[in-house]
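Colleague:
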Amino acid sequence: MTNLGDFTLTDLTEYLKEHGESAFRAKQLFRWIASGAESLADCSNLSKTLREGLGGEAEIYLPKIRRKLTSAIDGTVKYLFELKDGNLVETVVMRYHHGLSVCISTQVGCRMGCGFCASTLNGLVRNLAPHEIAGQIIAAQKDVGERISNVVLMGIGEPLDNYDNVVTALRNMNDPEGLGIGWRHITLSTCGLEDKILRLADENMPIGLAISLHAPSDELRREMMPVAKRYSIAGVLRACDVYFKKTGRRVSFEYALAENKNSSLSCAAALVELLRGRNCHVNLIPVNPVKERDFTGSSRENSQEFMDYLNKNGVNATLRRRLGSDINASCGQLRNSEQE
Ligand code: SAH
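Residues in the sequence shown are numbered consecutively from 16, following my numbering.
See the structure below:
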């Protein structure tokens with residue numbers, strides 16, 4: 016079965032042409048998908064053959080809300096979406112003064128194996144298709160009834176490990192006939208797949224890039240993130256430089272602070288050595304404890320001290336505010352508890 020939400024507008028036009036439908040129909044359908052149509056039968060202005068799925072070979076699908084939690088503290092909304100095959104993914108909508116931002120998943124599970132992360136506990140189940148990636152934004156926007164203006168690819172999965180589907184979904188998010196979200200309002204977070212960062216730099220798609228760094232040395236990073244055995248920090252930073260040169264977008268770094276691991280002042284000093292002189296930003300996040308993992312978040316005082324050290328020594332850093340703490344909004348954990 017062909018899912019018509021997996022095509023870019025150009026490819027959809029081509030596909031429909033092969034089935035005797037005009038370019039105009041492709042545009043209409045593309046808009047229907049972005050506006051949250053649940054099935055082809057709902058798309059009232061299309062031809063009958065198209066509404067009947069071109070003789071049963073094509074369809075569209077919007078992720079279904081399986082659970083929805085709303086934070087009483089800050090209005091953060093967390094969705095557990097069900098896909099056509101029954102798999103579950105998490106999506107979070109956050110309210111900021113500049114508008115709504117959504118955090119989406121890119122895979123069911125993850126095979127990167129980071130030691131502190133809940134999403135990787137049972138490995139990778141499968142990649143998400145383009146329509147399932149963009150569909151999380153469409154379904155969330157339809158449910159909240161307000162425009163979502165910012166997207167971060169920071170949910171379950173490693174986006175660059177599902178490269179082609181993620182790139183197609185990004186093109187559809189950006190397309191003015193689709194969701195129309197500007198490149199500057201999209202950020203992709205990666206654990207640092209160097210070769211894929213270089214490929215992304217050539218896509219002519221100037222989205223923000225965030226690198227999950229989490230350690231100032233390869234040795235410590237390898238203890239926390241298996242991916243560090245394949246790529247050195249120096250190599251990832253070189254890829255970031257190329258990314259900046261080609262896209263004009265500054266790269267930011269994420270650093271999850273774990274007690275007795277990577278949060279000492281000597282780690283802060285090593286991080287300064289590594290990043291000083293780079294035009295960058297460090298996002299500090301105290302580790303959110305996952306019950307199956309033995310990482311503990313560093314204390315408020317420790318985190319503050321770590322941040323002050325970076326800022327005093329010329330590395331721009333902020334401590335991430337925790338939204339939705341009452342609904343366990345950090346990704347991966349809701350899916351795991353639902354499966355138990
Ligand atoms: N795979 C991508 C994106 C998903 S995770 C990546 O690695 O960047 C989004 C961010 O949350 C990453 O920086 C990740 O390292 C971090 N993260 C994962 N588990 C965490 C936890 N328990 N506490 C704090 N941050 C965590």
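Beta carbons are placed, not taken as given, at the ideal position from N, Cα and C, and that holds for glycine.
1. What runs of the alpha helix (DSSP H), each 4 residues or longer, lie entirely inside the segment 156-232?
2. Would you identify the three-state DSSP class for HIS34, choosing helix, strand or coil?
3. Is MET322 near ligand 1, in the sense that its beta carbon is under 7 Å from a heavy atom of that ligand?
4. Checking 8 Å against the spacing of the C-beta atoms, do VAL79 and VAL92 come in under that value?
5. In the structure shown, what three-state DSSP assignment does ARG264 receive?
6. Quick check: what's the CA-CA separation for LYS211 versus TYR246?
7. Please list the terminal residues of the continuous alpha helix (DSSP H) segment that includes THR64.
8. The alpha helix (DSSP H) with LYS327 in it runs from where to where?
9. State yes or no: is the C-beta of MET127 nearer than 7 Å to some heavy atom of ligand 1?
10. Name the DSSP bridge partner or partners of PRO78?
11. Assign ASP176 to buried or exposed, taking buried as 16 or more other Cβ atoms, counted over all protein chains shown, within 10 Å of its Cβ.
12. Check the DSSP bridge columns for ASN298 and list the partner residues they point to.
13. Check whether the Cβ atoms of GLY68 and ILE153 lie closer than 8 Å to each other.
14. Counting pairs of beta carbons, one from the segment 89-104 and one from the segment 311-326, are three or more of them closer than 8 Å?
15. Suppose you measure from the CA of ARG336 to the CA of TYR111; what does that come to, to the nearest Å?
16. Kindly give me the distance between the Cβ atoms of ILE222 and LEU203, rounded to whole angstroms, as I take these residues to be in contact under 8 Å.
17. PHE131: beta carbon under 7 Å from a heavy atom of ligand 1?
18. Taking C-alpha atoms, which residue in GLU238, GLU307, PRO174 and ASP233 lies nearest to LEU208?
19. Around the C-beta of ASN142, are 16 or more other C-beta atoms found within 10 angstroms, so that it is buried, or is it exposed?
20. What I want to know is whether the C-beta of HIS229 ends up closer than 7 Å to one or more non-hydrogen atoms of ligand 1.
21. Whether or not the segment 264-280 and the segment 307-314 are in contact is what I'm after, with contact meaning three or more pairs of Cβ atoms, one per stretch, closer than 8 Å; do they touch?
22. Using CA coordinates, which residue listed in THR106, PRO241 and GLU307 is at the minimum distance from ALA149?
23. Answer with buried or exposed for SER86, where buried requires no fewer than 16 other C-beta atoms within 10 angstroms of its C-beta.
24. Spatial neighbours of GLY193 within its chain, please: C-beta separation below 8 Å, excluding the five flanking residues on both sides.
25. Cutting at 7 Å between CB atoms, please list the residues of its own chain near ILE119, excluding the five before and the five after it.
26. With DSSP as the reference, please indicate the residues paired to GLU105 in a beta bridge.
27. Could you give the C-beta distance for GLY138 and GLY124, rounded to a whole number, given that I count them as a contact under 8 Å?
28. In the DSSP assignment, find the alpha helix (DSSP H) that holds LEU289 and state where it starts and stops.
Modeller: On the basis of the data shown:
1. 178-189 and 209-216
2. In the sequence shown, counting from the first residue as 1, residue 34 sits at position 19. DSSP places HIS34 in coil when its eight states are reduced to three.
3. Working through the sequence shown from its first residue, we reach residue 322 at position 307. No.
4. The residue you call residue 79 lines up with position 64 of the sequence shown. The residue you call residue 92 lines up with position 77 of the sequence shown. A quick correction: the sequence has Lys, not Val, at residue 79. No. Outside cutoff.
5. As a first step, residue 264 is located in the sequence shown; it is residue number 249 there, counting from the start. Coil, per DSSP.
6. As a position in the sequence shown, residue 211 is number 196, starting the count at 1. As a position in the sequence shown, residue 246 is number 231, starting the count at 1. Computed Cα separation, rounded: 12 Å.
7. In the sequence shown, the residue the question calls residue 64 occupies position 49. From DSSP, the alpha helix (DSSP H) with THR64 extends over 63-66.
8. Working through the sequence shown from its first residue, we reach residue 327 at position 312. LYS327 -> alpha helix (DSSP H) spans 315-327.
9. Counting from one through the sequence shown, the residue named residue 127 turns up at place 112. For MET127, the shortest C-beta to heavy atom distance toward ligand 1 is below 7 Å.
10. Translated into the one-based positions of the sequence shown, residue 78 becomes position 63. DSSP lists no partner for PRO78.
11. Taking the first residue of the sequence shown as position 1, residue 176 is located at position 161. It is buried - the Cβ of ASP176 has at least 16 other Cβ atoms within 10 Å.
12. Position 283 of the sequence shown, counted from the start, is the residue given in the question as residue 298. DSSP lists GLU269 and THR333 as partners of ASN298.
13. In the sequence shown, the residue the question calls residue 68 occupies position 53. In the sequence shown, the residue the question calls residue 153 occupies position 138. Not closer than 8 Å, so no.
14. no
15. Taking the sequence shown and counting its residues from 1, the one referred to as residue 336 is at position 321. Taking the sequence shown and counting its residues from 1, the one referred to as residue 111 is at position 96. Approximately 11 Å between the Cα atoms of the pair.
16. As a working note, residue 222 is residue 207 in the sequence shown. As a working note, residue 203 is residue 188 in the sequence shown. About 6 Å; that satisfies the 8 Å criterion.
17. Within the sequence shown, the letter at position 116 stands for residue 131. Yes, since a heavy atom of ligand 1 falls inside the 7 Å radius drawn around the Cβ of PHE131.
18. Translated into positions along the sequence shown, residue 208 becomes position 193. Ranking the options by Cα distance to LEU208, first place goes to PRO174.
19. Sequence index remark: in the sequence shown, residue 142 carries index 127 (1-based). Looking at its Cβ environment, which holds 16 or more other Cβ atoms inside 10 Å, ASN142 is buried.
20. Working through the sequence shown from its first residue, we reach residue 229 at position 214. HIS229 Cβ: within cutoff of ligand 1.
21. Yes: the two stretches touch, three or more of their Cβ pairs being nearer than 8 Å.
22. Walking along the sequence shown from the start, residue 149 turns up at place 134. Taking only the C-alpha atoms, the option nearest ALA149 is THR106.
23. As a working mapping, residue 86 is identified with position 71 in the sequence shown. Buried: at least 16 other Cβ atoms inside 10 Å.
24. For the purposes of this step, residue 193 is identified with residue 178 of the sequence shown, where counting begins at 1. The residues are LEU24, PHE45, ARG46, ILE48, ALA49, ALA149 and ASN187.
25. For the purposes of this step, residue 119 is identified with residue 104 of the sequence shown, where counting begins at 1. Taken in chain order, the residues that qualify are THR106, ILE148, GLN151, ILE152, VAL166, LEU168 and GLY170.
26. Indexing the sequence shown from 1 puts residue 105 at position 90. GLU105 pairs with LEU95.
27. Mapped onto the sequence shown, residue 138 falls at position 123. Mapped onto the sequence shown, residue 124 falls at position 109. About 6 Å separates the two Cβ atoms, so the contact holds.
28. Looking up residue 289 in the sequence shown gives position 274. Counting along the chain, the alpha helix (DSSP H) containing LEU289 begins and ends at 280-290.
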